[in-house]
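> Residue numbers for the sequence shown follow the numbering used here, beginning at 4 and rising by one.
Input: one structure, supplied below.
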Amino acid sequence: MGNLFENFQRKKEYLICIDSDGCAMDTMDIKHFQCFGPCMVREWGLEQWEEALLERWNEVNLYSMTRGINRFKALAIVLREASGKYRSIDGIDAFVRWCETAPELSGEALSKMETDEAHVCFQKALSWSKAVNAAIGGLPEEAKKPYEGVAEGIRAAHEKADIAIVSSANKQAVVEEWERCGLLPFTDIVLTQTEGSKAYCISRLLEAGYERDHVLMIGDAPGDHQAAGQNGVCFYPILVKREAQSWRQFREEALERFLDGSYRGGYESQCAADFEKNLGKGENNG
């Protein structure tokens, strides 16, 4: 893990970090509708409460300020609620604690958890995660594509900036999707859940020598905004249900502002306000 960061070298003065699912790739809805939620219901045998649980899963992951949360944190939230409302989930308290304290939340890290108290819950969470990955792998290729304007935006950005994928998704899936869609050649490093949180990944990238005002995080979720804020770098939002418009604005307006130094201040504040309004008012539920 360390070698990936240590081997990374700054080639340009600017760095643009881009989230994948729901930001560059139009893959977030279908993955949650068809893979994450249904696999959870099956793994824990919660079919009796399926409709309510799937609605809650989508609310947590897509339609609220927890949009884009790590898969295991989302699982902990929904299972803890299910354990309180519907049926007791063995080992849920220890699993929640792990999600709150573990330095790395990934399938690999989960596979090393063998505590007696929560062995069953950890085992089932790992089984669920593998089932999700398999289900995502089985989605038709035409269902996993970039939003309109993404390729043009990333190509334009890569002329002036180093490009890093910074995603909390599964690495194999991210690499496969970006490669198949012809986007991987315009990136310089791929960072996913295996490398750590988005905030951590950005902090390590900064060690390559970028000025903070020369680093931009493009994301669709509050976690992306927070990761940028924690590192003092710029943030540009991709708005839910307005993704093509957001990418067009990035290419035609925001990118130039970022490069000429006029992004900070009023423009970035307006982008952030639009972002919070977009999630907070539930425009995305339409």
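All C-beta atoms, glycine included, are put in the ideal place defined by N, C-alpha and C.
1. Using 8 Å as the cut-off, classify the Cβ of ARG74 as near or not near the heavy atoms of the ligand SAH, replying yes or no.
2. Would you mind working out which of LYS76, LYS133, ASP32 sits nearest GLU58, comparing C-alpha positions?
3. Just the C-alpha distance for ASN64 and HIS35, rounded to the nearest angstrom, thanks.
4. Using a Cβ-Cβ cutoff of less than 7 Å, which residues in the same chain neighbour ALA146 once the five nearest sequence positions on both sides are dropped?
5. Can you round the beta-carbon distance between LEU82 and ILE72 to whole angstroms, since I take them to be within the 8 Å contact cut?
6. Work out the CA separation of GLY212 and MET43 for me, nearest whole Å.
7. Using 8 Å as the threshold, is the stretch 40–54 in touch with the stretch 11–25, meaning 3 or more CB pairs across them?
8. What is the rounded straight-line gap between the Cα of THR195 and the Cα of ASN281?
9. DSSP three-state call for ASN287: helix, strand or coil?
10. Do ASP24 and SER170 have their C-beta atoms closer together than 9 Å?
11. Whose C-beta lies closer than 6 Å to the C-beta of LYS14 among residues of the same chain, with five residues either side of it excluded?
12. Tell me, to the nearest whole angstrom, how far the beta carbon of PRO240 is from that of ASP191; I am working on the premise that it is less than 8 Å.
13. Are at least three pairs of beta-carbons, each pair with one atom in the stretch 178–186 and one in the stretch 139–155, less than 8 Å apart?
14. What's the C-alpha gap between HIS161 and THR30?
15. LYS163: which of PHE261, LEU7, VAL243 sits nearest, CA to CA?
16. So PHE75 and CYS102 are in contact, right, with Cβ under 8 Å, and what is the actual spacing, rounded?
17. What are the boundary residues of the beta strand (DSSP E) that includes ALA164?
18. Within a Cβ cutoff of 6 Å, which residues of the same chain sit near GLN233, ignoring the five residues on either side of it in sequence?
19. Taking the alpha carbon of GLU320 as the reference point, which residue from ALA154, VAL123, LYS127 has its own alpha carbon closest?
20. Between which two residues does the alpha helix (DSSP H) containing VAL236 stretch?
21. Have a look at the DSSP bridge pairing and note the partners of PRO149.
Considering the structure as presented:
1. This structure lacks the ligand SAH; in fact it carries no ligand of any kind.
2. Answer by Cα proximity: ASP32.
3. The alpha-carbon atoms of ASN64 and HIS35 are separated by roughly 8 Å.
4. Excluding residues up to 5 positions away in sequence, ILE33 lie with their Cβ nearer than 7 Å to the Cβ of ALA146 in the same chain.
5. The Cβ separation is near 14 Å, so there is no contact.
6. C-alpha separation (whole angstroms): 42 Å.
7. Contact between the stretch 40–54 and the stretch 11–25 is absent: fewer than 3 CB-CB pairs across the two stretches fall below 8 Å.
8. Near 26 Å, if we compare the C-alpha coordinates of ASN281 and THR195.
9. Reliability of the predicted coordinates at ASN287 is poor, the pLDDT of 42 falling under 50, and no value is obtained from them.
10. At a Cβ-Cβ threshold of 9 Å, ASP24 and SER170 count as neighbours.
11. Residues ASP165 of the same chain have their beta carbon placed closer than 6 Å to that of LYS14, with the five preceding and five following residues left out of the count.
12. About 22 Å separates the two Cβ atoms, so there is no contact after all.
13. Taking 8 Å as the limit for Cβ pairs, the verdict is that the stretch 139–155 does touch the stretch 178–186.
14. Distance between the alpha carbons of HIS161 and THR30 is about 23 Å.
15. Distance from the Cα of LYS163 is smallest, within the candidate group PHE261, LEU7, VAL243, for PHE261.
16. So it is a contact: roughly 5 Å between Cβ atoms.
17. Start and end: 164–169.
18. So the list reads ALA202, once near-sequence residues are dropped.
19. Nothing can be reported for residue 320: it is not among the residues displayed for the chain, which extend from 4 to 289.
20. If you look at VAL236, you'll find it isn't in any alpha helix (DSSP H); DSSP assigns it neither H nor E.
21. According to DSSP, which records beta bridges pairwise, PRO149 is partnered with MET28.
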